[in-house]
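Undergrad: As numbered in my numbering, residues 35 to 497 make up the sequence shown, in order.
For every residue, glycine included, the Cβ atom is placed at its ideal position computed from N, Cα and C.
Pasting a structure here, questions to come.
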Amino acid sequence: MVNVEYKFPKGFWWGAAASAPQTEGAAREDGKGQNIWDFWYEKEYNRFFNNVGPEVTSDFYHRYKEDISIMKDLNFNSFRTSISWSRLIPEGVGEINPKAVEFYNNVINELIDKGIEPIINLYHFDMPLTMQNKGGWESKEVIEAYASYARTCFKLFGDRVKWWITFNEPIVPAEGGYLYNFHYPDVVDFKKAIQVAYNTMVAHARAVEEFRKLNIKQGKIGIVLNLSPTYPRSNNSADLKATKIADMLINRSFLDPAANGRYPEELIELLKQYNHLPKFTELEIDLLKNNVVDFLGINYYQPRRVKAKASMSNPEAPFMPDFFFDEYIMPGRKMNPYRGWEIYEKGIYDIMINIKENYGNIPCYVSENGMGVEGEERYIVNGEIQDDYRIEFIRDHLMWLHKAINEGCDVRGYHLWTFIDNWSWLNAYKNRYGLVSLDLETQKRTLKKSAYWFKEVAKNNGF
Ligand code: BG6
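What follows is the structure, encoded as structure tokens:
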């Protein structure tokens, strides 16, 4: 008998998350249309770490069977990936690509066949280029195109897929593409960022609406949000005020409409005061109200620490969220130096308690958590990466998650980012996150030490 000190609820999801653009490769194959990443790489390959673009990945498009069979060996009972909109509908609207339908059918069937619940996400940062050329999330026409794409997916795959996700981390394309230069279209414009963020939530609600119209038996629909619990430097009232604003702008701006169907009043007031309220209609407000999610996926990587601004922002510089707060660098914080993110395990517990207390304890699961490390080959012993740091990272987060569950939080699973080292946008293959390491040259897959550990945890439903 294995001694299990931290036992998780029956049926708890153990697995990992991934995304189409980060794993499939085959970017130009079988009729796939271009998305913004294919295009941006073509235009400015130097922006990508070591000039590695989205064409070079772990080749899930051809190797899904091998990968799913490794997942099965690792005792995964669930796996999230996404559908590539530009693969399924190359022009964004209109004709469906039969090769893509075949591929996604194969993946879904293979997962089910191996006893792995597929959780399918519709959008992981990968706007079809044709849609971006129409304005991307700035455009109401694109929202409707997305709703129609979502409906197509529900109809094609909804007989087998029970768990749907509308968006992964919808704040990221708004921040990356319209504030901080790490997503295409690479502009800096706060007003647009706010409009894009809002429009994305409208698109999300339209997908939920379409899903419910189809009345798919046993199907559930949710959204994946990256939540960063926000902590003040001190109890000084200016620090507290700055923290509250940061939390509203960065977490509640998505969490509240997704789970409660409305934006926080104070956020609306704040944006009004600075003349940054997005354009909206009463119909959209009703749409959001009537289409809250069935469940939440929560991605947790790092906390946010905040202090009151030390000095005024340059009034001529572009307006940024940090007009309201400064980042606080806490002395002695534990860091993942490769990614530059703080590691704070208790954050996962704080998020779950917040969901329980302020969001009706809506069912949720940890949809991503993980640790990207550069140069992992230096940890190879006898051909295997000894990633004890990853084991420790996962274990310590799970201990806090377990405590949250014991205190009544309705948490249904834990997915690691990620199964196999994958292509990470501008960082490409700099930081490796997988349980399985990938040799990019040969495409050889090798289990890391953490994979064996995770396999046991999944088998014993705890550790
Ligand atoms: C999440 C995303 O933000 O974190 C993934 O959903 C991403 O797409 C992961 O790869 C890790 O972040 P990064 O930037 O190191 O790849």
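Any heavy atom of the ligand BG6 closer than 8 Å to the Cβ of Ala208?
TA: No, the Cβ of Ala208 stays beyond 8 Å of every heavy atom of the ligand BG6.
Undergrad: Is Gly170 buried or exposed, if buried means 16 or more other CB atoms sit within 10 Å of its CB?
TA: Label assigned to Gly170: buried.
Undergrad: Note down the Cα distance separating Arg121 from Asn131, rounded to an integer number of angstroms.
TA: Rounded to whole angstroms, Arg121 to Asn131 spans 7 Å at the Cα level.
Undergrad: Among Met161, Leu460, Thr57, Arg286, which has the Cα closest to the Cα of Thr91?
TA: Selected option, being the one with the closest Cα: Thr57.
Undergrad: I'd like the span of the beta strand (DSSP E) that includes Lys196, first residue to last.
TA: Segment: none, Lys196 is in no beta strand (DSSP E) and carries neither H nor E.
Undergrad: What does a CB cutoff of less than 8 Å around Glu172 pick up in its chain, not counting 5 residues either side in sequence?
TA: Around Glu172: Lys226, Gln229, Val230, Asn233.
Undergrad: Sorry if obvious, but does the Cβ on Trp74 come closer than 8 Å to a heavy atom of the ligand BG6?
TA: No; taking the cut-off as 8 Å, the Cβ of Trp74 has no heavy atom of the ligand BG6 nearer than that.
Undergrad: Please report the residue range of the alpha helix (DSSP H) in which Thr57 lies.
TA: Here the alpha helix (DSSP H) through Thr57 covers 54 to 57.
Undergrad: What distance in whole Å lies between the Cβ atoms of Asn285 and Leu261, which are believed to be in contact at a cut-off of 8 Å?
TA: Rounded, the Cβ-Cβ distance is 5 Å, consistent with contact.
Undergrad: Between which residues of its own chain and Lys133 is the CB-CB distance below 6 Å, once the five residues before and five after are set aside?
TA: Counting only Cβ-Cβ distances below 6 Å, and skipping sequence neighbours, we find Asp64, Gly65.
Undergrad: Please identify the residue among Lys483, Pro43, Trp457, Thr476 whose C-alpha is closest to the C-alpha of Asn84.
TA: Closest option to Asn84, Cα to Cα, is Trp457.
Undergrad: Please return the same chain residues whose Cβ sits closer than 7 Å to the Cβ of Glu203, not counting the five positions on each side in sequence.
TA: Closer than 7 Å at Cβ, skipping near neighbours: Val258, Leu259, Asn260, Asn333.
Undergrad: How should Leu317 be labelled, buried or exposed, when 16 other C-beta atoms within 10 angstroms of its C-beta is the threshold for buried?
TA: That one is exposed.
Undergrad: If you draw a straight line from the C-alpha of Ile363 to the C-alpha of Ala276, how long is it?
TA: Taking the straight line joining both Cα atoms gives about 15 Å.
Undergrad: Classify Leu311 as helix, strand or coil using the three-state DSSP reduction.
TA: Three-state result, Leu311: coil.
Undergrad: Roughly how many angstroms lie between the CA atoms of Gln336 and Lys380, to the nearest whole one?
TA: Straight-line Cα distance between these residues: approximately 10 Å.
Undergrad: Can you tell me whether Asp193 is buried or exposed, with buried defined as 16 or more other CB within 10 angstroms of its CB?
TA: Looking at its Cβ environment, which holds fewer than 16 other Cβ atoms inside 10 Å, Asp193 is exposed.
Undergrad: From the DSSP output, read off the bridge partner residues of Trp47.
TA: Answer by DSSP bridge pairing, in chain order: Gly447.
Undergrad: Using the beta-carbon count (16 or more within 10 Å), is Ile146 buried or exposed?
TA: When all chains shown are included, Ile146 counts as exposed.
Undergrad: Using 8 Å as the threshold, is the segment 152 to 166 in touch with the segment 111 to 129, meaning 3 or more CB pairs across them?
TA: With a cut-off of 8 Å, the segment 111 to 129 and the segment 152 to 166 count as touching, because enough Cβ pairs lie within range.
Undergrad: Given the structure, does Asn324 come close to the ligand BG6, in the sense that its CB is under 8 Å from one of the ligand's heavy atoms?
TA: False, no ligand heavy atom lies under 8 Å from that Cβ.
Undergrad: Please report the distance separating the alpha-carbon of Ala239 from that of Val36.
TA: Computed Cα separation, rounded: 45 Å.
Undergrad: Give the secondary structure of Met433 by DSSP, where H, G and I count as helix, E and B as strand, and everything else as coil.
TA: If DSSP states are grouped into helix, strand and coil, Met433 belongs with the helices.
Undergrad: From this set, Asp421, Lys464, Glu300, which residue's C-alpha is nearest Lys482's C-alpha?
TA: If we check each option's Cα against that of Lys482, Asp421 comes out closest.
Undergrad: Which same chain residues end up closer than 8 Å to Ile177 when comparing Cβ atoms and leaving out the 5 residues on each side of it in sequence?
TA: Within the same chain, Ile177 has close Cβ partners Trp171, Asn233, Val236, Ala237, Arg240.
Undergrad: In the structure shown, what three-state DSSP assignment does Thr264 receive?
TA: Three-state DSSP puts Thr264 in a strand.
Undergrad: Does at least one heavy atom of the ligand BG6 sit under 8 Å from the Cβ of Phe453?
TA: No, the ligand BG6 has no heavy atom inside 8 Å of this Cβ.
Undergrad: In terms of residues, what are the limits of the alpha helix (DSSP H) holding Leu190?
TA: Here the alpha helix (DSSP H) through Leu190 covers 174 to 191.
Undergrad: For Lys306, is the classification buried or exposed, using 16 other Cβ atoms within 10 angstroms of its Cβ as the cut-off for buried?
TA: Lys306 is exposed by the Cβ-count criterion.
Undergrad: For Tyr423, tell me which candidate among Ser103, Tyr467, Ile387 has the shortest Cα-Cα distance.
TA: The shortest Cα separation from Tyr423 among Ser103, Tyr467, Ile387 belongs to Tyr467.
Undergrad: Go through its chain and collect everything with a Cβ distance to Asp273's Cβ below 6 Å, but skip five positions before and after it.
TA: Hits under 6 Å: Pro266, Arg267, Lys341, Ala342.
Undergrad: Can you give the beta carbon distance from Tyr372 to Val407, rounded, assuming they're within the 8 Å contact cut?
TA: Right, the Cβ-Cβ distance comes to about 5 Å (below 8 Å), so this counts as a contact.
Undergrad: To the nearest angstrom, report how far apart Phe191 and Gly409 are at their CA atoms.
TA: Between Phe191 and Gly409, the C-alpha separation is close to 39 Å.
Undergrad: One question on the structure: do Arg446 and Cys398 come within less than 9 Å of each other, judged by their Cβ atoms?
TA: Their beta carbons are under 9 Å apart, which means Arg446 touches Cys398 by this criterion.
Undergrad: Once the 5 residues before and after Ala485 are set aside, which same chain residues still bring their CB inside 8 Å of it?
TA: The residues are Leu108, Leu469, Val470.
Undergrad: Of the residues Lys254, Pro355, Ile123, His310, which one's Cα is nearest the Cα of Val327?
TA: Ranking the options by Cα distance to Val327, first place goes to Lys254.
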